[in-house]
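Residue numbers (the numbering used here), protein chains in the order written: chain A, -11 to 240; chain B, 11 to 370; chain C, -7 to 333. Report on one structure; see the data block that follows.
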Amino acid sequence: MSVRVKGLRFAYRNFILRVDELSFATGQTTSIVGPNGAGKTTLLKCVGAVLPVSKGTLFVDGEDFALLKSRERARLVSYVPQEHGAAFNYLVFDFVLMGRAPYVPIFSTPSAEDVRIAEEALDFVGLGSYAERTYAELSSGERRLVLIARALAQQSDILLLDEPTTFLDPKHEREVLELVRKLAAEKEKTILLTLHNLEMAVQYSDNMVFLKGGEVVAWGRAEEVFKEPLLRAVYDMEMKVIDWNGRKIVLR
Amino acid sequence: MEVARKFFRFMAVALFMVCGFMKVMATTHLAGEKRTVKDTLGRIIQIPDRVERILSLQPEITRILVALEAGDKLVGLDYFVRRDDHLFKIIFPAQERLPVVSKPDDSVNKEVVVALRPDIIFASPSELLVPDSIQQALGIPVVALSSLGSFRNLLDEIELVGRVTGREARASELISFFNENMNAIRQTVGSLSPERRPRVYLAFWSSLLRTPVDYGPVTAAGGVNVAAGLLPTHPGSPGAVVTLEQIIAWDPDVILVHGNYPPSERRVTVEQVVSDKRLRSLKAVRNGHVFYTFGYWYWWDPAQVLVETLYLVKLFYPEKLRDFELEAAGNTIFEKFYGQAGLFSKLGEALAFHDWIKEK
Amino acid sequence: MTGSKKNKKKRSLQVFLLVLPLLLFVISLGIGSYAISPRDLVGTLISTISPSSYPDIPPVYRDVLFRIRLPRLLLAMAIGASLSVAGASLQAIFRNPLVNEYILGISSGAAFGAALSLVFLGRAFPPHVSAFLFGILAVLAVIGIAGRGETASLISLLLTGVIVSAFFSALLSVVEFFASPYVLQALFFWLMGSLALAGWRDLAISLPLIIAGLLFLILFRWRLNVLSTGTDEARALGVHVQREKILVIFLATLITASATAVVGIIGWVGLIVPHLVRLMVGTDNRLVIPLSAATGASFLLLADDIIRGISPLEIPIGIFTSILGIPLFLFLLKKAKRVWL
């Protein structure tokens, strides 16, 4: 499932996101990077139907996103926030089950099939045995995985992850990104994620988009686009990129 | 610096001692002119032996003051006697010159009170915290008094008010008049055995379930208040709220409904009680023994409560006072208290009581 | 404990909570100032169907049972269920466990409506209709002022609720000024929340709306889980957040206003009962909503039983729920960590 952005505008009070042309091909993983305040989360939220977009600016698999019903949108795109801000301490399983919302009629409760899909999603992220635990009992890394499981339960082909690795220790960082890779490989999902960690970004994505000040500075295949002059322009500082055993390392 | 500090400390101590000395002197000076009273809320207060400027927030006391011909000592009124009392304007026309100092929520405008410089303030005990708050804020003695349904208390009030206003003679006169009438009533009904006394439930105020736990006229007229002995809702309150089932359990012989309201303002009516299906098994309802009586009107009017007792004797024992004319007697009693003729009849117009006072 | 044993224990608890109000109802039929022995109670019940089997049941027993106790108990259950479900639903959509069913101004609006009716319309009109209308009006005012668009954040709704409540309280003081002391007494009695004169008419007025509202909220229960996770996340899950939030507020307001119009203000129920239920069965609203209805019904039945049983005096149930509610709430706060984040 492909995503195409065309002439997208989103304005906050002091900031405007302007994306004239951007596309994400099916089954590919794309990282959106840039300095703070560049508009990474905003862009993700626009694609994720969290922020409203105007007609003719966002096309998912050829369909105008703004014309779809919210339920239909949620079946196409799922969004994993950085952190979850609810007030109630749900069971992990009940939490993942919420991902079935686009499929459960408004005055109904989830069916046995919905339960099965939620179980599968939880298993996929490796937390199948955690079903009866409560959200508060989990570590940050585990919580992140549960959020991803919920997004998986939505069975959408497009998955958006907002800063999935922040606040995680290196081991869990890798775990999450490996999971992302697995999702792309086994489930052929089109994945967009925002990342701060450039090395991880370039290692785990097929494509990269560089945002600065609400505008796209560059985008394309990770290998091709990740160059020092670009990094300097985007981050306003000297950086050195070293190739080491096929891995790119950034020195600041 | 040290010297200055020592000096100030000396001055502070000296000032303190001087004030203390003065306070002692003040107390000693006034001690001979004060008496100690205990009010209805159990508060012990020192009040002056004689007062010239009275603020009454308690309509019962206001009415007593006027009956004692001490109305000229009033410096201010509460909102009720001005706005809601049926007869006060007629009884005491001078009231229109007096400022109203309280509001229906029983709050008091303290600044106006201070400006009026009363020697004493009479308050209603049903407002538990108001007497203390006014006394503490203004330093004026506040006495919370009410008969709470007892004739003994009513007469004690008349005596106390008479004493502090120098109208002892007039107070005696009214108390004797009251007692003479009470004796006559006692003789009429006194010989009745307890079984013959009707058991009475009083539905007062705005609800079928609110009832006074002690109501002198009923007991004096030879009835038995079924709610006697219950705890009132709070100290200083005359009434309790009972459950509907309790009224049915009591199965009173007579139900008396609060009749001091003009018909349009009555919240509980005899018709309502008689047609309420839940009460249809009560013998009072089946026998048609549901009547109005006067009841409180922000506590008592001493004349009205005497007439009410006579009315109830006539109601409970019609054969005893068969030829007794209530309205004429009522006018006489009111004239004794307030010096004007026809006051009871005027009350009748306000309450439309000719519908329910059955004159035979 | 093995998984299935734990599940069985959970199931039994849930069934118990569902059945409890029915048990209490049966017991409550025997409680009241008018003493009726259990044998006579059964006799009275049976004699309605076949009068011949119990011919010497005095008619007063039937009056007490069917005209006084029965409507009062049913009303207690309906009110308890309404306030609890309203509280639980609003807690879910406001994502705040401290929310109660009155935060959007219903109690102040209803109090003002009742006062208006008592003072100006007199005895002829029961204060129910006016109380109901102004309760709804208060919430409409809150929603209207706080904004219907995307900008209507939950904080702004809550703050507007506070302001609208204050406004109606001020208006109430004005109306009180015009009231005679005896009308004021009637008003205070109503404000304290009382089932004292509950009759079939009160049930007839309030029950249809309460049942309709409860039904829809119970059907909506799983959706409340989704709504309670946060606006952005709910939106990403395909939920039309604004619309559904308004729907829940509307339903909760309907049942709360219907309940309040008939018996006055009974506090703490919508705050305490849902939390009690969450402590027992967890936060999943599929369980919390229906069990709050059942437990709320039990709670009020129990409170009313205590009031009716201990004394011939009629203690307003609103005072009682406060007396029970405050220490209960403090106890719940200590256990809060288990269900609140």
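A virtual CB, placed ideally from N, CA and C, is assigned to each residue, including glycine.
Residue i (DSSP reduced to helix, strand or coil)
i	result
C/Ile302	helix
C/Arg290	The question names Arg, yet the displayed sequence has Ser at residue 290 of chain C. Helix.
B/Ala80	coil
B/Asp451	Nothing about residue 451 of chain B can be read from this structure; chain B reaches only from 11 to 370.
C/Trp182	helix
A/Ala137	helix
B/Lys33	Because the pLDDT of B/Lys33 is 43, which lies under 50, any placement of that residue in the model is unreliable, and the number read from its coordinates should be weighed accordingly. Note: B/Lys33 maps to helix in three-state DSSP.
B/Gly358	helix
C/Val166	helix
C/Asp224	helix
B/Pro135	coil
C/Leu21	coil
B/Val264	strand
B/Gly200	coil
B/Glu70	helix
B/Glu205	helix
B/Lys368	coil
B/Val61	coil
A/Glu203	strand
A/Phe198	strand
B/Lys113	coil
C-beta contact flag for residue i and residue j at 8 Å
i	j	result
B/Val267	B/Ala231	no
A/Ser58	C/Gly230	yes
B/Tyr306	B/Ile367	no
B/Arg277	C/Ala102	no
A/Ser19	A/Leu218	no
B/Val223	B/Ala181	no
Rounded C-alpha distance that separates residue i from residue j
i	j	result
B/Asp311	B/Arg73	6 Å
A/Asn24	A/Leu148	18 Å
B/Gln256	C/Pro304	6 Å
B/Tyr89	B/Leu138	18 Å
A/Phe112	A/Leu55	32 Å
A/Leu135	C/Gly153	33 Å
C/Thr287	C/Leu12	8 Å
C/Phe208	A/Gln143	28 Å
C/Asp224	C/Ser145	12 Å
B/Pro58	B/Ser66	15 Å
A/Val84	A/Arg63	15 Å
A/Arg66	C/Ala123	According to the sequence displayed, residue 66 of chain A carries Ser and not Arg. Their backbone Cα atoms lie some 45 Å apart in a straight line.
B/Asp365	B/Val228	21 Å
C/Asp55	B/Asp166	46 Å
A/Tyr192	A/Pro98	35 Å
A/Val222	A/Phe198	7 Å
B/His3	C/Ile307	Because residue 3 of chain B is not part of the residues shown, which for chain B are 11 to 370, the question remains open.
C/Ile28	C/Tyr53	7 Å
B/Val140	B/Ser117	8 Å
C/Val218	C/Ala78	17 Å
B/Phe304	A/Ala75	59 Å
Buried or exposed by the 16-neighbour rule on C-beta atoms within 10 Å, applied to residue i
i	result
A/Ser128	exposed
B/Gly358	buried
C/Asn(-1)	exposed
C/Leu15	exposed
A/Val7	buried
A/Tyr247	This structure leaves residue 247 of chain A out entirely; chain A is present only between -11 and 240.
C/Ala295	buried
A/Thr241	Not covered by the structure: residue 241 of chain A. The range shown for chain A is -11 to 240.
B/Ala194	exposed
C/Trp214	buried
Output, in sequence order along the chain, the residues in the region 77 to 103 of chain B whose CB is closer than 9 Å to any CB in chain C.
-> Phe90, Arg93, Asp94
Using a Cβ-Cβ cut-off of less than 9 Å, list which residues of the region 213 to 229 of chain C approach chain A; keep chain order.
-> Arg213, Trp214, Arg215, Asn217, Val218, Ser220, Thr221, Gly222, Thr223, Asp224, Glu225, Ala226, Arg227, Ala228, Leu229
Using a Cβ-Cβ cut-off of less than 7 Å, give me the residues of the region 268 to 302 of chain C that come near chain B, in sequence order.
-> Arg300
Can you list, in chain order, the residues of the region 246 to 264 of chain B whose Cβ is nearer than 7 Å to any Cβ on chain C?
-> Ala250, Val251, Val252, Thr253, Leu254, Glu255, Gln256, Ile258, Ala259
Interface residues of the region 67 to 89 of chain C facing chain A [CB-CB below 7 Å] = Arg87, Asn88, Pro89
Interfacial residues, the region 47 to 59 of chain C to chain B, with Cβ spacing under 8 Å = Pro50, Pro51, Val52, Asp55, Val56, Arg59
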